[in-house]
Amino acid sequence: MDVLQGIARSVREVQLLLLLVTVLFYFVARDAIASSAVWFLTLLIFGVVVLTSPLVPQLQRRPRLRLSLETVAMVLFITALIVQAGRSAAPLSHLYLLPVVTAALVLGRRNTGLLLLVILVARLLVSVLVHGIDGLSLAHLIALFAELAPTLLVAFLTSALASNLDQATRTIRGLADLDDLTGLNNLRSFSKLAEREYSLAEQDGAPCALLMIDLEQLEQINDRFGHEAGDRALCAVAASIRRATRSGDLCARYGGDEFVVLLPRCGREAGEVVANRIRHDVYSGTQDFDYAMRRLTVSIGVAAAPGDGRELRMLFRKAVRSLRKEKQARQSRGSGVTALPTGLTP
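419 is the number of the first residue of the sequence shown in the working numbering; add one for each residue after it.
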């Protein structure tokens with residue numbers, strides 16, 4: 419949204435520049451212009467559109483619609499001036515590049531193609547108005563195509579470039595939101611998405627569960643088997659979390675050996691079910707550390723709204739306390755990384 423609004427401001431500056439260029443063109447070619455009054459009336463109407471369109475509330479909330487309407491307005495404005503300029507209008511045809519580039523950068527290939535179709539139809543009508551039926555002759559059509567060919571080429575190249583840039587931007591944004599090691603959301607993206615999901619659930623009066631997950635004895639794994647082994651253990655836990663949760667659940671690496679999962683529209687009972695599913699999935703797999711098959715274990719704290727709090731930060735605190743209790747209980751039992759006889763499979 420902010421990007422589109424920034425582009426809309428830039429387009430407005432281009433429109434003001436377009437007005438200035440057409441005023442200068444009038445003084446250069448006024449002898450060929452059919453009516454000075456109509457010329458400046460056209461400029462006045464377009465100027466009013468440029469100045470008032472940002473003030474319309476509906477367009478303020480929908481910048482893409484505003485850009486679409488403004489590109490069409492630019493095409494109509496340029497076409498009206500071409501009609502007035504008659505046989506001296508060739509330089510004005512290059513002004514079509516302004517709305518075409520705008521459409522190619524913002525509105526996508528399909529809308530750019532529609533805009534090019536509008537330009538082509540408009541130029542055919544102008545050709546008929548200026549030259550009569552001869553405006554549809556083969557010679558005039560070839561001349562018209564030669565006149566618009568640069569615009570078509572620029573539209574194609576700009577659309578292709580914009581599409582590639584958009585794809586690259588999406589990829590970069592996606593990578594910026596993911597943890598490099600596990601592929602889960604990082605804490606920054608989780609915090610943003612979790613606030614939104616929690617607010618939606620709260621508005622609907624739906625429950626929400628939060629899981630805090632801790633991989634047991636990661637430090638010992640790193641010290642004894644190396645950090646590569648620790649990384650594999652973290653990835654194994656992340657894979658178990660994915661398998662145990664729904665596609666709409668939010669899963670993230672909280673940092674270090676901890677993970678966090680938000681379960682929208684799930685109460686405490688459902689949260690406990692998912693927690694047990696994660697525990698079982700993690701423990702049921704085995705990891706090969708220095709040719710010894712070992713099991714991993716996790717501790718999980720569960721909190722659920724509204725019973726444990728009506729704010730997300732309160733759920734975090736409750737889940738952390740629940741996690742600490744389970745870790746203490748597990749440590750008292752001596753659980754952690756469990757070694758299996760060599761060659762034993764689950």
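The beta carbon of each residue, even a glycine, is placed where N, CA and C say it ideally should be.
Owing to the predicted nature of the structure, the values given are computational and were not obtained by experimental measurement.
Candidates the options: which alpha carbon is nearest residue i's?
{"i": "Pro-682", "options": "Ser-617, Tyr-709, Arg-606, Leu-533", "result": "Ser-617"}
{"i": "Ala-722", "options": "Ile-500, Pro-625, Thr-489", "result": "Pro-625"}
{"i": "Arg-484", "options": "Thr-663, Val-468, Leu-730", "result": "Val-468"}
{"i": "Leu-494", "options": "Leu-510, Ile-696, Ala-578", "result": "Leu-510"}
{"i": "Leu-629", "options": "His-558, Leu-538, Arg-735, Leu-570", "result": "Arg-735"}
{"i": "Glu-620", "options": "Cys-684, Thr-569, Asp-598", "result": "Cys-684"}
{"i": "Val-490", "options": "Thr-470, Pro-472, Val-518", "result": "Val-518"}
{"i": "Ala-567", "options": "Leu-652, Glu-637, Leu-538", "result": "Leu-538"}
{"i": "Leu-680", "options": "Gly-623, Leu-477, Val-720", "result": "Val-720"}
{"i": "Ile-451", "options": "Val-466, Val-429, Ile-500, Ser-486", "result": "Ile-500"}
{"i": "Ser-702", "options": "Gly-725, Pro-724, Glu-729, Ala-657", "result": "Ala-657"}
{"i": "Thr-744", "options": "Leu-516, Leu-730, Arg-480, Ser-717", "result": "The sequence shown places Glu at residue 744, rather than the Thr named in the question. Of Leu-516, Leu-730, Arg-480, Ser-717, the residue nearest in Cα terms is Ser-717."}
{"i": "Thr-366", "options": "Leu-434, Gln-635, Val-678", "result": "Because the chain in this structure spans residues 419 to 764, residue 366 falls outside the shown range and cannot be described."}
{"i": "Val-692", "options": "Arg-661, Met-711, Ser-750", "result": "Arg-661"}
{"i": "Leu-571", "options": "Glu-729, Arg-527, Arg-606", "result": "Arg-527"}
{"i": "Tyr-444", "options": "Ser-506, Arg-480, Arg-664", "result": "Ser-506"}
{"i": "Glu-767", "options": "Asp-706, Ile-425, Arg-728", "result": "Given a span of 419 to 764 for the chain in the structure shown, any question on residue 767 remains unanswerable."}
{"i": "Ser-446", "options": "Arg-742, Ala-503, Arg-664", "result": "At residue 446 the sequence reads Val, which differs from the Ser that was named. Closest option to Val-446, Cα to Cα, is Ala-503."}
{"i": "Val-466", "options": "Leu-434, Val-536, Arg-664", "result": "Leu-434"}
{"i": "Leu-583", "options": "Arg-728, Ala-522, Met-711, Gln-478", "result": "Ala-522"}
{"i": "Asp-632", "options": "Ser-453, Leu-515, Arg-739", "result": "Arg-739"}
Do you know how far the Cα of residue j is from the Cα of residue i?
{"i": "Leu-714", "j": "Asn-640", "result": "13 Å"}
{"i": "Leu-534", "j": "Ala-540", "result": "10 Å"}
{"i": "Gln-746", "j": "Ile-590", "result": "41 Å"}
{"i": "Arg-427", "j": "Tyr-672", "result": "39 Å"}
{"i": "Ala-670", "j": "Phe-608", "result": "6 Å"}
{"i": "Leu-513", "j": "Leu-436", "result": "8 Å"}
{"i": "Met-732", "j": "Lys-610", "result": "16 Å"}
{"i": "Gly-644", "j": "Ala-578", "result": "47 Å"}
{"i": "Phe-464", "j": "Phe-458", "result": "10 Å"}
{"i": "Arg-695", "j": "Arg-482", "result": "45 Å"}
{"i": "Ala-627", "j": "Leu-596", "result": "22 Å"}
{"i": "Leu-462", "j": "Val-524", "result": "27 Å"}
{"i": "Asp-699", "j": "Asp-622", "result": "32 Å"}
{"i": "Val-544", "j": "Asn-529", "result": "22 Å"}
{"i": "Ala-432", "j": "Leu-554", "result": "Checking the sequence, you will find Val at residue 432 rather than Ala. Going from the Cα of Val-432 to the Cα of Leu-554 covers about 33 Å."}
{"i": "Gly-725", "j": "Ala-580", "result": "49 Å"}
{"i": "Arg-650", "j": "Leu-668", "result": "22 Å"}
{"i": "Leu-652", "j": "Tyr-709", "result": "18 Å"}
{"i": "Phe-460", "j": "Ala-557", "result": "Contrary to the premise, residue 460 reads as Thr rather than Phe in this sequence. Computed Cα separation, rounded: 30 Å."}
{"i": "Gln-638", "j": "Val-429", "result": "59 Å"}
{"i": "Thr-704", "j": "Leu-575", "result": "53 Å"}
{"i": "Arg-480", "j": "Ala-737", "result": "40 Å"}
{"i": "Ala-564", "j": "Thr-520", "result": "22 Å"}
{"i": "Gln-585", "j": "Leu-605", "result": "24 Å"}
{"i": "Phe-707", "j": "Arg-697", "result": "20 Å"}
{"i": "Thr-440", "j": "Arg-664", "result": "59 Å"}
{"i": "Arg-728", "j": "Val-536", "result": "54 Å"}
{"i": "Leu-516", "j": "Leu-542", "result": "20 Å"}
Can you tell me whether residue i is buried or exposed? The criterion is at least 16 other CB atoms within 10 Å of its CB, across all chains shown.
{"i": "Glu-646", "result": "exposed"}
{"i": "Gly-648", "result": "buried"}
{"i": "Ala-573", "result": "buried"}
{"i": "Glu-613", "result": "exposed"}
{"i": "Ile-659", "result": "buried"}
{"i": "Ile-551", "result": "exposed"}
{"i": "Thr-587", "result": "exposed"}
{"i": "Pro-475", "result": "exposed"}
{"i": "Ile-560", "result": "exposed"}
{"i": "Thr-497", "result": "buried"}
{"i": "Asn-603", "result": "buried"}
{"i": "Asp-675", "result": "buried"}
{"i": "Glu-687", "result": "exposed"}
{"i": "Val-655", "result": "buried"}
{"i": "Gly-689", "result": "buried"}
{"i": "Leu-438", "result": "exposed"}
{"i": "Gln-635", "result": "buried"}
{"i": "Thr-470", "result": "exposed"}
{"i": "Glu-615", "result": "buried"}
{"i": "Ala-594", "result": "exposed"}
{"i": "Asp-598", "result": "exposed"}
{"i": "Ala-455", "result": "exposed"}
{"i": "Ala-508", "result": "exposed"}
{"i": "Asp-404", "result": "Residue coverage of the chain in this structure runs from 419 to 764, which leaves residue 404 outside it and unanswerable."}
{"i": "Leu-741", "result": "buried"}
{"i": "Leu-442", "result": "exposed"}
Indicate whether at least one CB of chain E lies closer than 7 Å to the CB of residue i.
{"i": "Asp-622", "result": "No chain E is part of this structure, which consists of one protein chain only."}
For residue i, write down the residues that DSSP places opposite it in a beta bridge.
{"i": "Met-711", "result": "Asp-706"}
{"i": "Ala-722", "result": "Ala-627"}
{"i": "Ser-454", "result": "In the DSSP output, where bridge partners are listed per residue, Ser-454 has none listed."}
{"i": "Asn-603", "result": "Leu-596, Ala-670"}
{"i": "Val-716", "result": "Leu-633"}
Ordered list of alpha helix (DSSP H) runs contained in the segment 606-688, each at least 4 residues: 636-643, 645-662
Length-filtered (4 minimum) alpha helix (DSSP H) runs lying within the segment 486-543: 508-511, 515-524
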